[in-house]
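Student:
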Amino acid sequence: MCGRFTLTVGLGEILERFQAEMAGDWEHTPRFNAAPTQMLPVVKEKEDGCTRELVPMRWGLIPHWAKDHSIGNRLINARGETVATKPAFRRSLKQARCLIPADGFFEWTRGPDGAKHPLRIILKKEALFAFAGLWDRWEDAEGSVIQSFTIITTRPNEKMAEVHDRMPVILHPAEESMWLDSQIQDPALLTPLLEPFDSEKMAFYPVDRLVNSPKNDEPACIRPLT
102 MCGRFTLTVG LGEILERFQA EMAGDWEHTP RFNAAPTQML PVVKEKEDGC
152 TRELVPMRWG LIPHWAKDHS IGNRLINARG ETVATKPAFR RSLKQARCLI
202 PADGFFEWTR GPDGAKHPLR IILKKEALFA FAGLWDRWED AEGSVIQSFT
252 IITTRPNEKM AEVHDRMPVI LHPAEESMWL DSQIQDPALL TPLLEPFDSE
302 KMAFYPVDRL VNSPKNDEPA CIRPLT
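Each residue of the sequence shown is one higher than the one before, starting from 102 at the first, in the working numbering.
1) Name the two residues that bound the continuous alpha helix (DSSP H) containing Lys-195.
2) Where Ile-252 and Gly-234 are concerned, what is the direct C-alpha to C-alpha distance, given to the nearest angstrom?
3) Thinking Val-264 and Thr-254 are a contact (beta carbons under 8 Å), I'd like their distance in whole angstroms, please.
4) Fully enclosed by the segment 187 to 253, which alpha helix (DSSP H) runs are 4 residues long or longer?
5) When you compare each of Ala-289, His-273, Pro-315 and Arg-324 to Asp-299 by their alpha carbons, which one comes out closest?
6) According to DSSP, simplified to helix, strand and coil, what is Trp-166?
7) What is the DSSP secondary structure of Met-279, counted as helix, strand or coil?
8) Out of Lys-302, Arg-211 and Leu-194, point me to the one whose CA is closest to Phe-292's CA.
9) So, for Lys-225: in the same chain, excluding its five sequence neighbours on each side, which residues have a beta-carbon less than 6 Å away from its beta-carbon?
10) With DSSP collapsed to three states, give me the class of Phe-305.
11) Exposed or buried, which one is Val-312 when buried takes at least 16 other CB atoms within 10 Å?
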């Protein structure tokens, strides 16, 4: 699964990397320990089908048909193997795919002391990358709207298998345009993108257990342990 990630760069770098425009007036601050239920930047295709926009969305997908928003707390991830058939995700797979900008994510291992120790996982050459995501728009009885997203996961690559039995889907830059293309709606064309990323292009390093609490969101969360 993927329950925490980092996006430590500024807004301008995100917009340039993903060739996106700002949607509305909002602020982004670097995130060193992004967690579910928080509002985070997401790239999606605009209605014109030609350009991209960067939108703040809540992490934890709330399906448009949900009775209340609490279901989103359980839908922070979607399994790539079943995303085309699960009721919460199948509509979004066809019509509402997105990119979640990131520059790292966290996973935990259990040490000899029995405690869980966090690792930060990054790409060796690409500072910024994109998780494959899905989004949806939910409206409550009073007319308040929440846009929310989920991160798709897949089986682990060789390195990740030493840490966890799942990993987030990281798209290669060449695949990002296809993933966002609203003209492509056939799951048979989309699900082949949901493969493990090349382990040789990834690096792991241990960080302080400060990151265990989502209350901590500061540079110390990503500082390598010495």
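All C-beta atoms in this analysis are idealised placements derived from N, C-alpha and C, irrespective of residue type, glycine included.
Just so we're clear, the structure is a prediction, and the values are computed from it rather than from any experiment.
Tutor: Here's the rundown:
1) For the purposes of this step, residue 195 is identified with residue 94 of the sequence shown, where counting begins at 1. Start and end: 191 to 196.
2) Numbered from 1 along the sequence shown, position 151 holds the residue referred to as residue 252. Numbered from 1 along the sequence shown, position 133 holds the residue referred to as residue 234. When rounded, the distance between both Cα atoms is 5 Å.
3) The count along the sequence shown starts at 1 and reaches residue 264 at position 163. The count along the sequence shown starts at 1 and reaches residue 254 at position 153. That pair is no contact at about 13 Å.
4) Those alpha helix (DSSP H) runs which fall completely within the segment 187 to 253 and span 4+ residues are 191 to 196.
5) Working through the sequence shown from its first residue, we reach residue 299 at position 198. Ranking Ala-289, His-273, Pro-315 and Arg-324 by Cα distance to Asp-299 puts His-273 first.
6) To locate residue 166, count along the sequence shown from 1; it is residue 65. Residue state, collapsed to three classes: coil.
7) As a working mapping, residue 279 is identified with position 178 in the sequence shown. Reduced to three states, the DSSP call for Met-279 is helix.
8) Taking the sequence shown and counting its residues from 1, the one referred to as residue 292 is at position 191. Residue identity check: residue 292 is Thr in the sequence provided, not Phe. Considering only alpha carbons, the answer is Leu-194.
9) Residue mapping note: residue 225 aligns to position 124 of the sequence shown, counting from 1. The residues are Lys-302 and Ala-304.
10) Taking the first residue of the sequence shown as 1, we reach residue 305 at position 204. Phe-305: strand per DSSP, three-state reduction.
11) Here residue 312 refers to the residue found at position 211 when the sequence shown is read from its first residue. Buried, because 16 or more other Cβ atoms sit within 10 Å of the Cβ of Val-312.
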